[in-house]
Amino acid sequence: MLELAALGALLREPMHGYALREWLEHYMGTALSANFGAIYPLLRRLTERGLIRRSGSGGRRTVYEITDAGREYWLELMTEEANDSWVNAQARFMTRMWFSDRLAPAQRRQLIMSRIAALRERMNYSFDKATEHVQQSMRGYVQRKLALELDWLEELLAETDAQLEAEGKGEQDEQ
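If you use this note's numbering, the sequence shown closes out at 255, no skipped numbers anywhere.
Here it is in structure tokens:
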């Protein structure tokens with residue numbers, strides 16, 4: 081997931097390792113943890129794989145920028161079906177949503193629809209064994225949290241559908 085986020089950040093703009101870590105902590109801190117012990121080895125691996133390259137515009141610091149191969153790989157990571165645990169799936173989804181404006185609307189729609197399906201399934205999860213007061217209270221909290229995310233996603237889906245419809249009308253007008 082850190083790989084996805086780092087490539088997405090570098091897709092936005094070239095930056096050096098310290099700035100990348102700060103950017104990830106600031107914007108992605110609720111979905112992932114980015115420490116220097118992970119960032120610099122990741123930058124080395126991404127460079128070795130040809131997904132990013134060093135650029136000469138950082139003064140004393142090494143600035144990294146994404147390559148065409150890195151853009152292609154990032155898009156694969158954004159659109160692949162991942163088989164994560166619930167916690168990791170949530171973090172991966174939030175990371176993907178952060179960068180979803182760079183996806184085609186149809187791809188963003190698929191991302192949203194997949195998450196909606198997962199949320200609905202999770203909302204139906206049985207809490208039969210939650211018999212204690214605090215457990216029941218937590219169940220209510222989890223259900224409200226899932227419902228809030230579902231409402232948000234349905235709003236995003238409506239916006240994305242409107243964008244797709246507008247693009248479709250634009251294509252029809254050109255014909």
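Ideal Cβ placement from N, Cα and C applies to all residues, glycine included.
Contact between the segment 192 to 199 and the segment 102 to 114 is absent: fewer than three C-beta pairs spanning the two stretches fall below 8 Å.
Under the criterion of beta carbons closer than 8 Å, glycine 88 and phenylalanine 173 do not qualify as touching, at roughly 14 Å.
Threonine 175 is a Cβ neighbour of alanine 85, given a cutoff of 7 Å.
Excluding the 5 residues flanking it on each side, alanine 186 has same chain C-beta neighbours closer than 8 Å at Leu244, in chain order. Residue pairing from DSSP leaves histidine 106 without any beta-bridge partner. With a cutoff of 7 Å on beta-carbon distance, leucine 123 and tyrosine 98 are scored as not near each other. Rounded to the nearest whole angstrom, the CA to CA distance from leucine 228 to glutamate 156 is 29 Å. Judged by beta-carbon spacing, arginine 189 lies within the 7 Å limit of threonine 240, meaning their Cβ atoms are closer than that value.
In this structure, Gly136 is the residue among Ala246, Val167, Gly136, Arg219 with its C-alpha nearest to the C-alpha of histidine 96. With fewer than 16 other CB atoms across the displayed protein chains lying within 10 angstroms of its CB, tryptophan 232 is exposed. Non-local C-beta neighbours of tyrosine 153 in its own chain, meaning closer than 6 Å and more than five positions away in sequence, comprise Leu131, ordered along the chain. Partner residues in the beta bridge of tyrosine 144, as assigned by DSSP, are Met95, Arg134. Of the candidates Gly248, Glu83, Ala246, Glu83 places its Cα closest to the Cα of methionine 158.
From the listed residues Asn163, Gly150, Leu91, the smallest Cα separation to glutamate 128 is found for Gly150. Note on geometry: alpha-carbon atoms of leucine 126 and valine 214 lie some 45 Å from one another. Between alanine 162 and leucine 112, the C-beta spacing is not below 7 Å. Between arginine 133 and threonine 147, the gap from beta carbon to beta carbon is short of 7 Å. DSSP, read as helix, strand or coil, puts leucine 183 in coil. For tyrosine 205, the secondary structure class from DSSP, reduced to helix, strand or coil, is coil.
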